[in-house]
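There are 2 protein chains.
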Amino acid sequence: MADFIKGGVCAAQGFQAAGIHVGVKTHASWKKDVALIVSDVECTAAAVFTKNVVKAAPIRVDKAHLADGKARAILANSGNANACAPSGEENAMRMCAAAAKAIGCKTEDVLVSSTGVIGQRLNVEAIEDGMPELRAALERSAEASDAAAHAIMTTDTIKKEAAVETVIDGKTVRLGGIAKGSGMIHPNMGTMLCFITTDCAISPEMIKAALLEVVRVSFNRISVDGDTSTNDTCCILANGLAGNHPITAADQAGYTAFREALESLCIKLAMEMASDGEGAKHLIICDVSGAKSVESAETIAKSVISSTLTKAAIFGADANWGRVLCAMGYSGETFDPDKVAVCFSSSAGTVKVCEDGRGLAFDEDLAKKVLSEHDVQIQITMDEGGASCTCWGCDITYDYIKINGDYRT
Amino acid sequence: MADFIKGGVCAAQGFQAAGIHVGVKTHASWKKDVALIVSDVECTAAAVFTKNVVKAAPIRVDKAHLADGKARAILANSGNANACAPSGEENAMRMCAAAAKAIGCKTEDVLVSSTGVIGQRLNVEAIEDGMPELRAALERSAEASDAAAHAIMTTDTIKKEAAVETVIDGKTVRLGGIAKGSGMIHPNMGTMLCFITTDCAISPEMIKAALLEVVRVSFNRISVDGDTSTNDTCCILANGLAGNHPITAADQAGYTAFREALESLCIKLAMEMASDGEGAKHLIICDVSGAKSVESAETIAKSVISSTLTKAAIFGADANWGRVLCAMGYSGETFDPDKVAVCFSSSAGTVKVCEDGRGLAFDEDLAKKVLSEHDVQIQITMDEGGASCTCWGCDITYDYIKINGDYRT
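Protein sequences appear in the order of chains A and B.
Per numbering that gives the first Met the number 0, the very first residue in the first sequence carries number 0; after that it's consecutive.
Per numbering that gives the first Met the number 0, the very first residue in the second sequence carries number 0; after that it's consecutive.
Below you can see the structure in the form of structure tokens.
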């Protein structure tokens, strides 16, 4: 079992971080807009990117830089997505070159990420000019990880940061991550950035396998508004300083322990993202059980958490379970609607509202209380098989519209 | 060419309509909640229903009643969807029986529709008790069609009603329709009801073919919030009183004229629905051209009009074209993003904001003016082929959240 610890991306041995304001965000000089994460030694590295056909320039650069499965640093900016923007790849490469020069490594060992407005030229000069200050701010501390976590935020209202510790071959192995994601989060990597560091010794093949497995059951099971972004990136650096016997195959005990620790970390960060959906007042946890397969359960749970009408009902603390059934029904999955049961539950209690596909009489006052809690669970039971899945989403609020009605200015 | 005329569902010869309050809507005694449309003689009939796996009881009844391709009347209520509700089919059948008795036809010649809250028992007694009054209110007049159009409204803010006239075999043929639809409208028949009457003489096979063809290019190209409903129904009655040579094959000139008239009618009603999306302030018209196929153009256009972020940008009159490209990118279609151009246009002018997949400098003041009009066009040009498609949607506003945050009370 992995235990949660402090320290974020600086929890693992041999990692330093920094986050400062250099001027990419022009309207808010007090807001950090560039983050740097550096390992003392070369790392095995892997990443998962957006499936959007329109891909931001940094993603194209990162793919090339990850061809050898190695990297040493991650440089990220907020305030500009460097997507559909003039000189996109050139500017992404200039970011890598500036970081490489500052820390003394090859340009190809730097990964780069951007998040913010699409279609405007990135002020790469500000990042280049700020590099000495960013380099000077690097340190291995909880504060440094915190600064980096803040520097990648856009409309996020809370920073997302977590770290876990596990034991492999008698050695303490740590994993830490920072993430951003608020609007546009959706299954298949809606705009989210997540940077993970670990001191585990693990081969490029196995770190990639672990990351793919874990992203599928964490970040790909959240949704804020159904839009997926041009910039989504989840990457991991592993520097091996924990001294465990290097993981090179999936049947090693160490691999299972590592994968479980990574899963705990990513589910924690994913839930924080869903919970911080733009303007969101509620985290919605949708559990589907009795499905014919995990895929079927996941499709149904995602349809429910993505339904704008269900999200609006949760915002209003309205036990409108008909919308839950309706969203299940248009998910594309087949099931017997006459064998569906639905409960709403939270720390305030549990209300069963539907059984055998029909409405039950229920205590409306209790339902209101249950749905007024921050974390609200929608529990769906079907009679199709033994598979289950949990997905996470959030409600839709006036503030979502406000935040997104005029984002560019 | 079909010309728009007055009269709604009473425009065609031999049709009467009525709309009154009987008590299904308990919170608003002044709001009509039951509509009846009756033909003087038996009609050929066809319908298209929701693809949602969870289907309301009236839909199951209608499918049985349409097995012979004949019908004489449509009875519809608002205020309760009779979906996932106790005694659903029994109550839908009781509605048919009551109407059949009142107008003197077979129960199987009555079609039934319901719209409103899911999961609560329908007050069918109120409909039965109100039947004599509803029967007495039947007449062939623009006022009667208006009353029926109002009686099927739920959160709709404007009634949807249209009629067209064309000439087939030297005979004047009229088609008229009423519709409701506001929340949950989406491609593949989100909660919408549409009832069409015509005096055209046409076989059951050909009226079904025409309806399927036309629904695909009208109602299935609109979206309000991505949710599709349990109750969607579009049905048509044709009583043959126009006296044209009966249409029995697709290669008859009459069929083309009829189909075109039906298309004009349905596109008009579909645009009114999109325009009246819950809380909407803008109609969004998305034109995609240069696509490799109509299907590809349609998938891309639907992805854009369904994107919550694009809808929020139009609400804010923000020329955030990056979100348009982003929505194109996650549509599932492949295309070269570097060959995409985007314009925003309206009666206030046209602003080109993106060319070759890159942002252009544009006049922000003009863009604001263009996007402040009610009808806003998003024109997307690609370089994949010669196909094009238009889809219709609306913006998302504070009022959408308000309307849907507490719908049941």
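The beta-carbon is built from N, C-alpha and C at its ideal position, and this holds for glycine as well.
Arg220(A) is positioned such that its CB atom lies closer than 9 Å to that of Cys390(A). Counting only Cβ-Cβ distances below 9 Å, Ile117(A) has contacts in chain B at Asn319, Trp320, Gly321, Arg322, Leu324, Cys325, Gly358, in chain order. For Thr229(B), no beta strand (DSSP E) run applies, since DSSP gives it neither H nor E. For Asn76(B), not one C-beta of chain A is nearer than 9 Å to its own C-beta. Taking a C-beta distance under 9 Å as the contact criterion, Lys310(B) and Gly180(B) do not qualify as a contact pair. Under DSSP, Ser144(A) takes part in no beta bridge, so it has no partner. Under DSSP, Lys179(A) shares a beta bridge with Leu192(A). For the segment 81-96 of chain B, residues whose beta-carbon sits nearer than 9 Å to a beta-carbon of chain A comprise Ala82, Cys83, Ala84, Pro85, Gly87. Taking all protein chains shown into account, Trp320(A) has 16 or more neighbouring C-beta atoms within 10 Å of its C-beta and is therefore buried. Following the DSSP letters along the chain, one finds Ala260(A) inside the alpha helix (DSSP H) bounded by residues 252-274. The CB of Cys353(A) comes closer than 8 Å to the CB of Cys83, Gly118 in chain B, given here in chain order. Membership of Asp286(A) in the beta strand (DSSP E) is indicated by the continuous run 282-290. Take the alpha-carbon of Arg139(A) and the one of Val37(A): they are about 10 Å apart.
Taking the beta carbon of Thr333(B) as reference, the chain A residues within 9 Å of it are Val52, listed in sequence order.
In this structure Arg134(A) is in contact with Ile102(A), their Cβ atoms being roughly 7 Å apart against a cut-off of 8 Å. For the 9 Å CB-CB criterion, Asn243(B) and Asp39(B) do not form a contact. In this structure, Ala162(A) and Arg173(A) form a Cβ contact; the two beta carbons are roughly 6 Å apart against a cut-off of 8 Å.
Annotation: Cβ neighbours of Ser228(B) in chain A (cutoff 7 Å, chain order): Cys325.
Note that the C-beta distance between Val109(B) and Ala96(B) is below 9 Å. Residue contact with chain A for Lys401(B): present (Cβ-Cβ distance below 9 Å to some residue of chain A). Burial is judged here by how many other beta carbons sit within 10 angstroms of a residue's own beta carbon; Ile157(A) has fewer than 16 and is exposed.
In terms of beta-carbon proximity, Tyr254(B) stays away from the interface with chain A, with every pair separated by 9 Å or more. In this structure, the beta-carbon distance from Ile151(B) to Asn230(B) does not fall below 9 Å. Between Arg59(B) and Leu236(B), the C-beta spacing is not below 9 Å. By the CB criterion at 9 Å, Val8(B) and Ile206(B) fall outside the cutoff.
Ranked by Cα distance from Leu308(A), the first of Gly22(B), Asp250(B), Ser228(B), Ala312(B) is Ser228(B). Under the 9 Å criterion on CB atoms, Ile221(A) is classed as non-interfacial with respect to chain B. Ranked by Cα distance from Val339(B), the options Val287(B), Ala312(B), Lys105(B) are led by Val287(B). Short of 6 Å from the beta carbon of Ala98(B), and not among the five residues preceding or following it, lie these beta carbons of its own chain, in chain order: Ala72, Leu74, Val109. A Cβ-Cβ distance of about 6 Å is found for the pair Ile167(A) and Phe257(A), placing them in contact under the 8 Å criterion. Listed in chain order, the positions of the segment 168-181 of chain A with a beta carbon within less than 9 Å of a beta carbon of chain B would be empty, since no residue qualifies. When 8 Å is used as the limit between beta carbons, Gly384(B) is near no residue of chain A, the shortest such separation being about 16 Å. Where Thr298(A) is concerned, the enclosing alpha helix (DSSP H) starts and stops at 293-305. Taken in chain order, the members of the segment 120-133 of chain A whose beta-carbon sits within less than 9 Å of a beta-carbon on chain B are Arg120. Within 7 Å of the CB of Gly328(A), the CB atoms of chain B belong to Asn51, Val52, Val53, Thr229, in sequence order along the chain. For Phe314(A), the three-state secondary structure derived from DSSP is helix.
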